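Let me begin by presenting the structure, written as structure tokens, before commenting on it.
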Amino acid sequence: MRLENIVDKYLDYCSFNKKLDGKTIKAYKIDLRQFCQYSFLIENPLERTNLNTYISELHKKYKPKTVKRKIASMKAFVRYLEYEDIICDDPFKKVSVKFREPKILPKTIPYQLLEQYFKTLYRYKKSINNTGLIQKNVIRDIAVSELLFATGMRVSELCCLRPNDLDIYNKKVLIYGKGAKERVLQIGSEEAMNAVREYINCFREEIESGNYLFVNRQGNRLSEQSVRIMVVKYCKMADISLHITPHMFRHSFATLLLEEDVDIRYIQRLLGHSSITTTEIYTHVSMQKQKEILNNKLPRNSMKVMEGD
């Protein structure tokens, strides 16, 4: 069987058997078909030397993060080949793929700008005295913004929420994260709950006729791009020059919790990270707390060693 056909069979396996996320399937398809193109004229593409050559070519063309993803796609595919007895042994056991990936610190929204953003939203809502489409959209936008910041969920997770995923009575939301992992989060912000309740009352008809919690004017699922455009719109309205994205609400959620001395293991679970290493990146961002500790708690500051002290 040709390698391309095996890849297609594997993608079906990932989609129907493993129930992997659509974005993961898309990444696998891009990465594995790229490998198929590379290996078209190679007799044994999965032989150790050929794999090393391919990985070297990837490093020449792409950034470390992209190379890491493409190698992960290859490894997952090779494990499938071994499981299906298409190959006898995993060639990656003999291939060294370790490399340094530069740490990119997550961008957060300063606390004052977050206040400014939300104040602008509520002032705009108050300034609209009609019950038309503009009023409805503002109510939805407030609910989206409040929920992003109150839970730290990814914008893709928010846009994929179903009506039954939200438990209004118990103030909980069921989130389907990466790798088909589920987590339940308590919505601790009463402002967020009020915004969500108002949104549901306002959009009840559209929600009941569709399959998603957050919908656009056509009644279809609210897209991630629509949320990005919405955030930019209100930033301009609030005279915020910083380029803010929906994902930065997630980063700010994690960083501000860390600065409030919340254990990083709890933050890991709240964010749905499978590895604590991913969450630890926020410790590099949380410098305000460090400054406060070193200024106010440093033992040297309470010592009196100079004459006259």
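For the sequence shown, the residue numbers in this note's numbering are -16 to 292. Ideal Cβ placement from N, Cα and C applies to all residues, glycine included. If you're wondering where the values come from, they're calculated on a predicted model, not measured in any experiment.
- Less than 8 Å separates the beta-carbon of R31 from that of P74.
- R180 places its beta carbon less than 8 Å from that of I151.
- Inclusion of I13 and L(-6) in the CB contact set at 8 Å is not warranted, their separation being larger than that value.
- Per DSSP, reduced to three states, the secondary structure at E189 is helical.
- The beta-carbon separation of I259 and R248, rounded to 7 Å, stays under the 8 Å limit for a contact.
- Listed as beta-bridge partners of V167 by DSSP are L157.
- By the criterion of a C-beta distance shorter than 7 Å, N33 is surrounded in its chain by I25, N27, once the five residues flanking it on both sides are discounted.
- Using a 10 angstroms sphere on the CB of D124, the tally of other CB atoms reaches 16 or more, which defines it as buried.
- In the three-state reduction of the DSSP assignment, L149 falls in the strand class.
- Between F132 and I250, the alpha-carbon positions lie close to 14 Å from each other.
- Under the 10 Å beta carbon count, K53 is surrounded by 16 or more other beta carbons and is classified as buried.
- Looking at the DSSP output, R204 bridges to V198.
- Looking at the backbone, the Cα of S22 and that of N199 are separated by about 44 Å.
- L64 and T238 have their C-alpha atoms spaced approximately 41 Å apart.
- In the assembly as shown, I227 is a buried residue. Its beta-carbon has 16 or more other beta-carbons within 10 Å.
- Look at N279 here: in three-state DSSP terms it is helix.
- I122 and Y94 have their C-alpha atoms some 23 Å from each other.
- Rounded to whole angstroms, the separation of the alpha carbons of C(-3) and R(-15) is 19 Å.
- A Cβ-Cβ separation of about 7 Å places D148 in contact with L196 under the 8 Å criterion.
- Counting along the chain, C142 sits inside the alpha helix (DSSP H) bounded by residues 138 to 142.
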